[in-house]
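**Student:**
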Amino acid sequence: MRSEKSLTLAAPGEVRGPEGEQQDAGDFPEAGGGGGCCSSERLVINISGLRFETQLRTLSLFPDTLLGDPGRRVLRFFDPLRNEYFFDRNRPSFDAILYYYQSGGRLRRPVNVPLDIFLEEIRFYQLGDEALAAFREDEGCLPEGGEDEKPLPSQPFQRQVWLLFEYPESSGPARGIAIVSVLVILISIVIFCLETLPQFRVDGRGGNNGGGVSRVSSVSRGSQEEEEDEDDSYTFHHGITPGEMGTGGSSSLSTLGGSFFTDPFFLVETLCIVWFTFELLVRFSACPSKPAFFRNIMNIIDLVAIFPYFITLGTELVQQQEQQPASGGGSQNGQQAMSLAILRVIRLVRVFRIFKLSRHSKGLQILGKTLQASMRELGLLIFFLFIGVILFSSAVYFAEADDDDSLFPSIPDAFWWAVVTMTTVGYGDMYPMTVGGKIVGSLCAIAGVLTIALPVPVIVSNFNYFYHRETEQEEQGQYTHVTCGQPTPDLKATDNGLGKPDFPEANRERRPSYLPTPHRAYAEKRMLTEV
Numbered sequence: 011m012r013s014e015k016s017l018t019l020a021a022p023g024e025v026r027g028p029e030g031e032q033q034d035a036g037d038f039p040e041a042g043g044g045g046g047c048c049s050s051e052r053l054v055i056n057i058s059g060l061r062f063e064t065q066l067r068t069l070s071l072f073p074d075t076l077l078g079d080p081g082r083r084v085l086r087f088f089d090p091l092r093n094e095y096f097f098d099r100n101r102p103s104f105d106a107i108l109y110y111y112q113s114g115g116r117l118r119r120p121v122n123v124p125l126d127i128f129l130e131e132i133r134f135y136q137l138g139d140e141a142l143a144a145f146r147e148d149e150g151c152l153p154e155g156g157e158d159e160k161p162l163p164s165q166p167f168q169r170q171v172w173l174l175f176e177y178p179e180s181s182g183p184a185r186g187i188a189i190v191s192v193l194v195i196l197i198s199i200v201i202f203c204l205e206t207l208p209q210f211r212v213d214g215r216g217g218n219n220g221g222g223v224s225r226v227s228s229v230s231r232g233s234q235e236e237e238e239d240e241d242d243s244y245t246f247h248h249g250i251t252p253g254e255m256g257t258g259g260s261s262s263l264s265t266l267g268g269s270f271f272t273d274p275f276f277l278v279e280t281l282c283i284v285w286f287t288f289e290l291l292v293r294f295s296a297c298p299s300k301p302a303f304f305r306n307i308m309n310i311i312d313l314v315a316i317f318p319y320f321i322t323l324g325t326e327l328v329q330q331q332e333q334q335p336a337s338g339g340g341s342q343n344g345q346q347a348m349s350l351a352i353l354r355v356i357r358l359v360r361v362f363r364i365f366k367l368s369r370h371s372k373g374l375q376i377l378g379k380t381l382q383a384s385m386r387e388l389g390l391l392i393f394f395l396f397i398g399v400i401l402f403s404s405a406v407y408f409a410e411a412d413d414d415d416s417l418f419p420s421i422p423d424a425f426w427w428a429v430v431t432m433t434t435v436g437y438g439d440m441y442p443m444t445v446g447g448k449i450v451g452s453l454c455a456i457a458g459v460l461t462i463a464l465p466v467p468v469i470v471s472n473f474n475y476f477y478h479r480e481t482e483q484e485e486q487g488q489y490t491h492v493t494c495g496q497p498t499p500d501l502k503a504t505d506n507g508l509g510k511p512d513f514p515e516a517n518r519e520r521r522p523s524y525l526p527t528p529h530r531a532y533a534e535k536r537m538l539t540e541v
């Protein structure tokens, strides 16, 4: 009677012999199980048809990995017919994976393997989070999870508000709020620049300015003409002149409220600050984590953008209350001069509002990530420039020391020339005139070109990486892995009322959107055994 051949399916995690019996990892001495195998015994690994041969003691260096753990590699991937391990994985990547075991932990990506594919191979072979983090750091990547994970508040209303103000791409109203925010930022920057025009900041020289705002005429001119020119930007906002500071400011006292608090630029600035403050408070009240809110650099920029207004406003109110008659004009003049210096510094901080645009600009965000990933290269660049400035400024000083018409009176004065020459700007305000000085200048320019050119390729490479990653995220969807802080039971099901039993894929681990689809065949692998 002719016997019929049959195929026996092995369940996941099982290995069956020729007769269909279940076998254990210890039944395969050559596979690293029991049976008294020695550490020098070799095994064969088949990667999509390409066979690799290595020793057991090489793989045993990392027992917590897929290949280093006999139980994991035998029960899932051992083929007893061919006496080898079979993996249907990327073949070029396995050269680096095997070298990781052979070198004792050195992980290097092959040049012909894309980064996302190699990251998937590292996860598949279970090399560990430490090896993955070290590899990402060597590749110049940011830590995984901080950029891709977008936590959301658990409360539905807070979640909607947070998406409305934080993620412009989430809905149409969110895009509308983002457009309004960008317009307000641009208006604030334009006002900051326009208020320094001469027709808006010079008073007492033509009655009213072009904006129709009356200015307080100066009480005393003459010797204080130059000082008033320097403080014109101050008189625009305060309605007083340096001459009035010395005389007690009786004229400015009666017009301070009318010239400052009714100024068109101040009113427009107030409207912008109202929007900035409202936006910041709403985002803070709806954020999923209050400590993380203040650790975000973008939120710090928002705080810095509105503080100068309130400090300036408080200073104006205090000065309005402390204005005294003409007595004690000398001490009051010194106090107001100090207030002038402080207010100038505070008003300068307003220029940082331009960085608020980075919240709505992917290009600025990519640039910021590039600079963050290139801090080591930027540090080396600054260090090399520092050495070059010290070296060439000293050399040009001594080379020009014998020339009576030398433009380098000291080494610190030559720092500016060295910086301008190494960066190949060359303003021409300082230049060597002797033969030795010209030779030093030539060497300084050549050294500057080489110093700047060396770290630039690394920075460009980091920029290309973040640019392509951002492009891939936009193509595959930006909110596929947005997570909530504490999901409620009703949120664990899908929106259509279908729970996890209706969609088995919901139980699987969600991968980052920029990575390729993971290989899921190994979780349900069946081994065919011919009887």
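The sequence shown begins at 11 in the working numbering and counts up by one.
Don't be surprised by glycine CBs; every beta carbon is placed ideally from N, CA and C.
Computed from a prediction, not measured in an experiment: that's the story for all the values here.
Can you tell me which of the three DSSP states Glu289 falls into?
**Tutor:** If you number the sequence shown from 1, residue 289 lands on position 279. Helix at Glu289.
**Student:** Which of the three DSSP states is assigned to Ala200 in this structure?
**Tutor:** As a position in the sequence shown, residue 200 is number 190, starting the count at 1. Reading off the sequence shown, one finds Val at residue 200, where the question assumed Ala. Val200: helix per DSSP, three-state reduction.
**Student:** Does DSSP classify Asn56 as helix, strand or coil?
**Tutor:** In the sequence shown, counting from the first residue as 1, residue 56 sits at position 46. DSSP places Asn56 in strand when its eight states are reduced to three.
**Student:** Spatial neighbours of Lys300 within its chain, please: C-beta separation below 8 Å, excluding the five flanking residues on both sides.
**Tutor:** For the purposes of this step, residue 300 is taken as residue 290 along the sequence shown, with counting starting at 1. Correct list, in chain order: Phe294.
**Student:** Suppose you measure from the CA of Pro467 to the CA of Glu387; what does that come to, to the nearest Å?
**Tutor:** Your numbering for residue 467 matches position 457 in the sequence shown. Your numbering for residue 387 matches position 377 in the sequence shown. Near 10 Å, if we compare the C-alpha coordinates of Glu387 and Pro467.
**Student:** Using the three-state DSSP reduction, which class does Asp148 fall into: helix, strand or coil?
**Tutor:** Residue numbering aside, residue 148 sits at position 138 when the sequence shown is read from its first letter. Three-state DSSP puts Asp148 in a helix.
**Student:** Following the continuous alpha helix (DSSP H) through Lys160, name the residue where it begins and the one where it ends.
**Tutor:** In the sequence shown, counting from the first residue as 1, residue 160 sits at position 150. First-last for Lys160: 160 to 162, but that is the beta strand (DSSP E), not the alpha helix (DSSP H).
**Student:** Am I right that Phe62 and Phe88 are in contact with their C-beta atoms under 8 Å? What's the rounded C-beta distance?
**Tutor:** Here residue 62 is taken as the residue at index 52 of the sequence shown, counted from 1. Here residue 88 is taken as the residue at index 78 of the sequence shown, counted from 1. Phe62 to Phe88, Cβ: 15 Å. No contact.
**Student:** Rounding to the nearest angstrom, what Cα-Cα distance links Gln165 and Arg360 in this structure?
**Tutor:** For the purposes of this step, residue 165 is taken as the residue at position 155 of the sequence shown. For the purposes of this step, residue 360 is taken as the residue at position 350 of the sequence shown. Roughly 35 Å separates the two Cα atoms.
**Student:** Who are Asp273's beta bridge partners in DSSP?
**Tutor:** Position 263 of the sequence shown, counted from the start, is the residue given in the question as residue 273. DSSP lists no partner for Asp273.
**Student:** When you compare each of Arg146, Ile55, Ile364 to Arg92 by their alpha carbons, which one comes out closest?
**Tutor:** Here the question's residue 92 lines up with position 82 in the sequence shown. Of the candidates Arg146, Ile55, Ile364, the one whose C-alpha sits nearest the C-alpha of Arg92 is Ile55.
**Student:** Just verifying my parser: in three-state terms, what is the DSSP assignment at Asp89?
**Tutor:** Against the sequence shown, residue 89 aligns to sequence position 79. DSSP places Asp89 in strand when its eight states are reduced to three.
**Student:** Is it buried or exposed, Asn306, if we count other Cβ atoms within 10 angstroms and call 16 or more buried?
**Tutor:** What you label residue 306 is simply residue 296 of the sequence shown in a count that begins at 1. Exposed, since its Cβ has fewer than 16 Cβ neighbours within 10 Å.
**Student:** How would you label Asp415, buried or exposed, when you count the other beta carbons within 10 angstroms and need 16 or more for buried?
**Tutor:** Here residue 415 refers to the residue found at position 405 of the sequence shown. So Asp415 counts as exposed.
**Student:** What does the Cβ neighbour count give for Glu147, buried or exposed, with the cut at 16 atoms within 10 Å?
**Tutor:** Sequence index remark: in the sequence shown, residue 147 carries index 137 (1-based). It is exposed - the Cβ of Glu147 has fewer than 16 other Cβ atoms within 10 Å.
**Student:** What's the gap between the Cα of Ser452 and the Cα of Cys282?
**Tutor:** Mapped onto the sequence shown, residue 452 falls at position 442. Mapped onto the sequence shown, residue 282 falls at position 272. When rounded, the distance between both Cα atoms is 51 Å.
**Student:** So what's Gln382 in DSSP terms, helix, strand or just coil?
**Tutor:** The sequence position of residue 382 within the sequence shown is 372, counting from 1. Gln382 falls in the helix class under three-state DSSP.
**Student:** Any idea which residues DSSP pairs Arg545 with across the strands?
**Tutor:** Any answer about residue 545 is impossible in this case: the structure gives the chain only from 11 up to 541.
**Student:** Helix, strand or coil: how does DSSP classify Thr441 here?
**Tutor:** Here the question's residue 441 lines up with position 431 in the sequence shown. For clarity, residue 441 is Tyr in the given sequence; the question names Thr instead. DSSP places Tyr441 in the coil class of the three-state scheme, outside both helix and strand.
**Student:** Check whether the region 438 to 454 and the region 360 to 377 are in contact - that is, three or more C-beta pairs closer than 8 Å.
**Tutor:** no
**Student:** Nearest CA to the CA of Phe476: which residue from Tyr95, Glu149, Leu464, Phe304?
**Tutor:** Along the sequence shown, read from residue 1 onward, the residue named residue 476 stands at position 466. Ranking the options by Cα distance to Phe476, first place goes to Glu149.
**Student:** Would you decide whether Val194 is buried or exposed? Buried here means 16 or more other CB atoms lie within 10 Å of its CB.
**Tutor:** By 1-based counting over the sequence shown, the position of residue 194 is 184. Burial call: buried.
**Student:** Using the rule of at least 16 other Cβ atoms within 10 Å of the residue's Cβ for burial, across every protein chain shown, is Phe317 buried or exposed?
**Tutor:** Numbered from 1 along the sequence shown, position 307 holds the residue referred to as residue 317. Exposed: under 16 other Cβ atoms inside 10 Å.
**Student:** To the nearest angstrom, how far is it from the Cα of Asp98 to the Cα of Ile57?
**Tutor:** Taking the first residue of the sequence shown as position 1, residue 98 is located at position 88. Taking the first residue of the sequence shown as position 1, residue 57 is located at position 47. C-alpha separation (whole angstroms): 6 Å.
**Student:** Since Tyr95 sits in a beta bridge, which residues does DSSP pair it with?
**Tutor:** Within the sequence shown, numbered from 1, the residue matching residue 95 stands at position 85. Bridge partners of Tyr95: Ile55, Phe88.
**Student:** So for Gln165, helix, strand or coil by DSSP?
**Tutor:** Counted from its first residue, the sequence shown places residue 165 at position 155. Secondary structure at Gln165: coil, using DSSP grouped into helix, strand and coil.
**Student:** So, does the CB of Ser368 fall closer than 8 Å to a CB anywhere in chain C?
**Tutor:** Among the protein chains of the structure shown there is no chain C, as only one such chain exists.
**Student:** CA-CA distance, Gly138 and Ala184?
**Tutor:** Counting from one through the sequence shown, the residue named residue 138 turns up at place 128. Counting from one through the sequence shown, the residue named residue 184 turns up at place 174. Distance between the alpha carbons of Gly138 and Ala184: 39 Å.
**Student:** Is the separation between the beta-carbon of Thr325 and that of Gly398 shorter than 8 Å?
**Tutor:** Counting from one through the sequence shown, the residue named residue 325 turns up at place 315. Counting from one through the sequence shown, the residue named residue 398 turns up at place 388. Cβ atoms of Thr325 and Gly398: not closer than 8 Å.
**Student:** Drop a sphere of 10 angstroms on the beta-carbon of Cys297, count the other beta-carbons inside from all chains shown, and report buried for 16 or more, exposed for fewer.
**Tutor:** Working through the sequence shown from its first residue, we reach residue 297 at position 287. Label assigned to Cys297: buried.
**Student:** Leaving out five residues before and five after Ser384 in sequence, what residues of the same chain have Cβ atoms less than 7 Å from its Cβ?
**Tutor:** The count along the sequence shown starts at 1 and reaches residue 384 at position 374. If the five residues before and after Ser384 are omitted, its C-beta is found closer than 7 Å to the C-beta atoms of Val468, Ile469, Asn472, all from its own chain and listed in chain order.
**Student:** Could you pull out every residue in the same chain whose Cβ sits closer than 6 Å to the Cβ of Ile132, ignoring the five residues on either side in sequence?
**Tutor:** One-based indexing of the sequence shown puts residue 132 at position 122. Result list for Ile132: Leu142, in chain order.
**Student:** So the alpha helix (DSSP H) Thr431 belongs to, where does it begin and stop?
**Tutor:** Counting from 1 along the sequence shown, the entry for residue 431 is found at position 421. Counting along the chain, the alpha helix (DSSP H) containing Thr431 begins and ends at 421 to 432.
**Student:** Contact check, Glu289 vs Ser181 under 8 Å by CB: the rounded distance?
**Tutor:** For the purposes of this step, residue 289 is identified with residue 279 of the sequence shown, where counting begins at 1. For the purposes of this step, residue 181 is identified with residue 171 of the sequence shown, where counting begins at 1. At roughly 17 Å, the Cβ-Cβ gap does not stay under 8 Å, so Glu289 and Ser181 are not in contact.
**Student:** When DSSP labels each residue in this structure, what does Ala411 get in the three-state scheme?
**Tutor:** For the purposes of this step, residue 411 is taken as the residue at position 401 of the sequence shown. Reduced to three states, the DSSP call for Ala411 is coil.
**Student:** Which one of Asp439, Asp312, Arg116, Ile400 has the shortest CA to CA distance from Leu417?
**Tutor:** For the purposes of this step, residue 417 is taken as residue 407 along the sequence shown, with counting starting at 1. Shortest Cα-Cα distance from Leu417 to any of Asp439, Asp312, Arg116, Ile400 involves Asp439.
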